[in-house]
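Protein chains: 2
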Amino acid sequence: MQKTKAKTLAGFLELEPRKQIVFDNMKEKIKSVFELNGLSPMDTPILEYSEVLLAKAGGETEKQIYRFTKGENDICMRFDLTVPFAKYSAKFENQLIFPFKRYQIGKVFRGERAQKGRLREFFQCDMDIIDEGELSICADAECVSVLSQVFETLDYFIKIRISNRKLLGGMLDFFCLKEQTTEILNILDKQDKIGTEKTLEELLKITDKAKEILQLTAVNTVEKLEKVKINNTEFNQGVAEIKQLFEILKILKPKNEVVLDLKVIRGLDYYTGTIFEANLLGLGEPISVSAGGRYDNLAENYSNKKLAGVGVSIGLSRLFDILDKNNLLQYKTNTKSQVTIIPLGNTTNFCFDISKTLKENKINCDVLYFDKSFKSKLNYANRKKVPYIIVVGEEEIKNKTFGLKDMETGFVVEDKLENLIKVLRNKNE
Amino acid sequence: MQKTKAKTLAGFLELEPRKQIVFDNMKEKIKSVFELNGLSPMDTPILEYSEVLLAKAGGETEKQIYRFTKGENDICMRFDLTVPFAKYSAKFENQLIFPFKRYQIGKVFRGERAQKGRLREFFQCDMDIIDEGELSICADAECVSVLSQVFETLDYFIKIRISNRKLLGGMLDFFCLKEQTTEILNILDKQDKIGTEKTLEELLKITDKAKEILQLTAVNTVEKLEKVKINNTEFNQGVAEIKQLFEILKILKPKNEVVLDLKVIRGLDYYTGTIFEANLLGLGEPISVSAGGRYDNLAENYSNKKLAGVGVSIGLSRLFDILDKNNLLQYKTNTKSQVTIIPLGNTTNFCFDISKTLKENKINCDVLYFDKSFKSKLNYANRKKVPYIIVVGEEEIKNKTFGLKDMETGFVVEDKLENLIKVLRNKNE
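Encoded structure:
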């Protein structure tokens with residue numbers, strides 16, 4: 017028979033069990049932090065009408081999109097979780113109770129050229145807080161706080177760099193450079209890569225205020241920012257917002273480093289106020305794993321209702337991929353089972369009874385009922401790296417005493433089943 | 017500004033928060049049952065090379081598939097979780113530890129005509145047990161048991177109808193009707209709909225053994241099946257397997273009804289032994305919500321390694337959709353928050369401290385820091401149907417005593433925060 021090669025598309029993660037278990041644990045932890053903060057779960061279709069998904073997108077984004085026709089429908093696969101959320105919030109604007117706080121964890125798709133490390137299918141973990149009309153700046157602080165909590169729970173250090181779109185916007189307005197905004201922001205966006213000198217050189221081609229611009233982007237504390245003299249309403253509003261945000265963060269006390277950094281640009285997308293990025297620390301060069309910000313009118317492409325919002329997106333697949341490639345993940349086990357029950361001789365039925373009791377006590381377990389030798393069953397348990405085994409022979413059944421073996425230490429507790437369950441339940445807590 | 021209509025493709029579920037919360041709870045419960053039974057999580061890409069996904073598929077399946085070209089790649093969206101699993105098990109055949117037990121919960125896509133109730137994007141929840149070479153019949157029983165456990169946990173009754181492909185196969189061989197298998201099975205598949213008389217009529221057009229065939233499909237207990245005299249090896253093997261399966265089920269004691277039903281046909285797909293279907297009870301006509309069975313060689317399209325397996329698939333989105341449309345779901349709340357903390361006056365910062373303490377105690381909560389009147393905050397909590405609120409004014413802070421209000425009963429417990437936490441933690445257990 018002709019075989020088809022079992023291959024996977026480039027840029028699509030597909031994990032063997034020990035890695036999938038760690039990936040899912042990370043996903044679960046992010047979800048639990050979101051829910052701990054009272055966010056509602058949300059889901060949207062992976063496919064949408066192209067006119068809906070592309071209501072705003074342009075140029076680069078559009079090229080990356082998986083788009084096709086089925087029947088009479090022009091269809092796109094979602095490329096982020098924000099545009100579908102905008103549609104969702106317009107669609108359900110009469111059912112949603114505002115302020116609305118949501119989270120969504122799901123796959124998004126971007127058909128980029130499969131460069132090194134670029135994923136085409138990846139999980140994003142988003143949270144957003146939206147309200148009718150105005151939205152408290154506390155919401156921006158809450159996003160930063162939740163982002164920090166996520167990485168505290170995942171046990172990785174990040175640095176959250178915060179700016180506000182109104183700062184550079186107001187300054188450019190003040191210098192009468194509004195029309196050069198795109199050009200200037202594009203140059204500033206590369207500043208961390210190309211260095212200050214080269215940035216200055218590039219800016220000087222456009223404006224004689226290059227030095228002043230660079231002086232502002234070098235500001236890195238709220239105190240210094242307050243001393244900057246730029247007589248512009250937008251700029252001053254940005255300063256006031258940043259000040260308020262950092263004051264609330266003093267109360268929320270995120271455990272990860274949070275800094276003011278006016279070099280955060282966040283492309284040319286829909287953000288209108290607070291913008292931030294998070295870099296994973298400890299890997300040599302900092303790696304961007306999350307970004308977010310404030311948008312004034314989420315659903316403007318779909319509705320007349322003004323919805324102000326702030327959100328953050330965590331790139332889970334990218335984070336996992338980077339940690340994996342840098343050997344920073346520990347793959348401890350190949351199974352979700354906590355106890356493998358091994359029949360010795362003709363005791364399978366009794367093993368099923370034990371597994372039933374364990375499951376009633378919320379202990380994940382499995383029975384090795386397969387027609388294999390005892391030795392190969394032990395070998396299986398070893399290779400699976402299951403935390404515990406219980407071997408059940410006639411003797412054990414007669415004495416109603418079983419041995420619970422810790423596979424890591426080799427230590428065996430011999431006791432009645434009810435007591436072994438206590439040992440296992442304590443371990444679970 | 018020109019608005020785009022916020023519409024969703026037909027056949028794609030998109031749920032408002034109160035429904036999404038219930039949907040996610042169901043998904044979580046299914047997942048926890050899978051993990052309780054020691055199954056490993058698995059995920060595969062939503063997109064695959066068409067040659068991989070369509071290695072076996074034909075005719076009807078292929079018409080339904082979302083298929084398109086991106087760059088040089090001919091791509092399909094997955095239409096089930098079994099074909100990707102077959103590819104996965106071939107791809108990782110050297111890393112997987114056999115027997116391998118997996119579960120997968122994910123979206124699949126079928127571009128069917130959007131008939132009433134037909135979904136084009138839906139969650140399937142699959143489990144499979146595979147082994148190299150031969151696989152114990154215990155695995156078939158385990159699938160039936162896990163399926164039953166899922167519905168016990170979801171708290172709905174199902175009836176699991178079991179047959180074995182070898183029974184009708186062996187009989188048709190015995191009657192020298194092997195070549196008419198497709199035709200005959202197609203007729204038998206409609207038997208429950210068109211009735212016995214009409215079935216007989218149709219069968220008589222093909223064979224004079226119509227009556228004998230119908231007599232066999234009417235057999236509904238293992239005892240009766242054992243008395244059927246068909247001298248055919250395949251048939252007898254089917255009887256032996258069914259007998260063994262039901263014997264193991266007596267040990268596993270699934271709480272849902274499990275019956276022998278030779279009218280279960282399961283189309284003409286890859287099953288080779290045990291086949292079963294589950295119908296949701298209590299809705300007038302029985303509705304199919306799950307199906308599964310035994311396949312002799314999962315990965316034959318991709319590998320020379322023989323992998324025998326058995327699996328079951330639960331149609332979560334379809335199940336949810338049916339329950340929803342029949343008003344059988346209770347939508348109790350619009351939030352995952354357990355406690356909403358409401359500042360009265362200028363106490364928001366203190367409220368943040370309280371929320372921090374609650375979160376440290378694993379209590380989902382949120383603070384209403386929004387710039388709204390106290391009345392509208394109470395109204396918000398009411399509409400959200402949050403289980404509890406704590407109102408925090410200057411007085412409460414001074415006395416270090418807070419009121420925890422149960423929003424359903426209106427009952428208020430006034431106590432120190434640490435004691436209120438105990439109340440809430442007890443509720444969570």
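Same order as they appear, the protein sequences are chains A and B. Following the working numbering from start to finish, the first sequence increments by one per residue and tops out at 445. Following the working numbering from start to finish, the second sequence increments by one per residue and tops out at 445. Every residue gets a Cβ at the ideal spot worked out from N, C-alpha and C, and that includes glycine. What you are looking at is a predicted structure, and each value in this text was computed from that prediction instead of being measured.
Buried or exposed for A/Ala-102, please, with buried defined as at least 16 other CB atoms from any protein chain shown within 10 angstroms of its CB. buried
Using 10 angstroms around the beta-carbon of B/Thr-212, count the other beta-carbons present and answer buried if the total reaches 16, otherwise exposed. exposed
Kindly indicate which three-state DSSP category B/Met-143 falls into: helix, strand or coil? strand
Output yes if chain B places a C-beta closer than 8 angstroms to the C-beta of A/Cys-381; else output no. yes
Residues of the stretch 316–327 of chain A with Cβ closer than 9 angstroms to any Cβ of chain B, in chain order: Glu-316, Asn-317, Tyr-318, Ser-319 and Asn-320
For A/Leu-219, which beta-bridge partners are listed by DSSP? Looking at the DSSP assignment, A/Leu-219 forms no beta bridge with any residue, so it has no partner.
Relative to the C-alpha of A/Glu-376, which residue among A/Tyr-119, A/Glu-434 and A/Asn-247 is closest? A/Glu-434
For A/Thr-290, which of helix, strand or coil comes out of DSSP? strand
Is it the case that the stretch 417–426 of chain B contacts the stretch 402–409 of chain B, given that we only count it when at least three CB pairs across the two stretches are under 8 angstroms? yes
Is the CB of B/Glu-88 under 8 angstroms away from at least one CB in chain A? no
Spatial neighbours of B/Leu-170 within its chain, please: CB distance less than 7 angstroms, with the 5 preceding and 5 following residues excluded, ordered by chain position. Met-42 and Lys-45
B/Val-429 in three-state terms, based on DSSP: strand
Does the stretch 251–265 of chain B come into contact with the stretch 148–158 of chain B, if we say contact requires no fewer than three beta-carbon pairs (one atom in each stretch) closer than 8 angstroms? yes
Consult DSSP for B/Thr-237 and reduce its assignment to one of helix, strand or coil. coil
Within chain A, partners of B/Ile-62 - CB distance below 9 angstroms: Phe-28, Ile-62, Met-93, Lys-123, Phe-125 and Glu-137
How is A/Glu-148 classed by DSSP in three states: helix, strand or coil? strand
What residues from the stretch 35–53 of chain B come within 7 angstroms of chain A, judged by C-beta to C-beta, listed N to C? Gln-36, Ile-37, Asp-40, Glu-51, Leu-52 and Asn-53
Distance check for B/Tyr-385 and A/Thr-237, CA to CA, integer angstroms please. 26 angstroms
How should B/Ile-210 be labelled, buried or exposed, when 16 other C-beta atoms within 10 angstroms of its C-beta is the threshold for buried? exposed
Spatial neighbours of B/Gln-253 within its chain, please: C-beta separation below 7 angstroms, excluding the five flanking residues on both sides. Lys-182
Presumed contact (8 angstroms Cβ cut-off) between A/Lys-279 and A/Thr-233, rounded CB distance: 5 angstroms
Can you check the stretch 61–90 of chain A for any alpha helix (DSSP H) of at least 4 residues that lies completely inside it and give the ranges in chain order? 66–69 and 75–80
If the cut is a Cβ gap below 9 angstroms, which residues of chain A does B/Pro-33 touch? Ser-56, Pro-57, Met-58, Phe-108, Gln-111, Leu-112, Ile-113, Phe-116 and Arg-118
I need the straight-line Cα distance from B/Gly-298 to B/Asp-337, nearest angstrom please. 15 angstroms
Is the number of C-beta pairs between the stretch 60–75 of chain A and the stretch 21–35 of chain B that are closer than 8 angstroms three or more? yes
Counting only Cβ pairs nearer than 7 angstroms, list the residues of chain B close to A/Arg-310. Here the premise fails: no neighbours, minimum Cβ distance about 15 angstroms.
Proximity test, Cβ basis, 8 angstroms: B/Phe-418 and chain A: no
In chain A, which residues lie less than 8 angstroms from B/Ser-392 when you measure between Cβ atoms? Per Cβ cutoff of 8 angstroms: no residues; B/Ser-392 is ~10 angstroms from chain A at best.
For a contact meaning CB atoms closer than 9 angstroms, what does B/Arg-399 contact in chain A? Ile-113
How many angstroms separate the CA atom of A/Asn-395 from the CA atom of B/Gly-149? 18 angstroms
Rounding to the nearest angstrom, what Cα-Cα distance links A/Thr-20 and A/Lys-400 in this structure? 29 angstroms
For B/Ile-291, which residues in the same chain have their Cβ closer than 6 angstroms to its Cβ, ignoring the five residues on either side in sequence? Ser-179, Arg-181, Val-280, Arg-282 and Gly-309
Assuming B/Leu-345 is part of the alpha helix (DSSP H), what are its boundary residues? From DSSP, B/Leu-345 is part of no alpha helix (DSSP H); its letter is neither H nor E.
Opening and closing residue of the alpha helix (DSSP H) in which B/Lys-393 lies: 390–400
DSSP three-state assignment for B/Gly-186, whether helix, strand or coil: helix
Does the structure place the stretch 340–358 of chain A close enough to the stretch 104–119 of chain A that three or more beta carbon pairs sit under 8 angstroms? no
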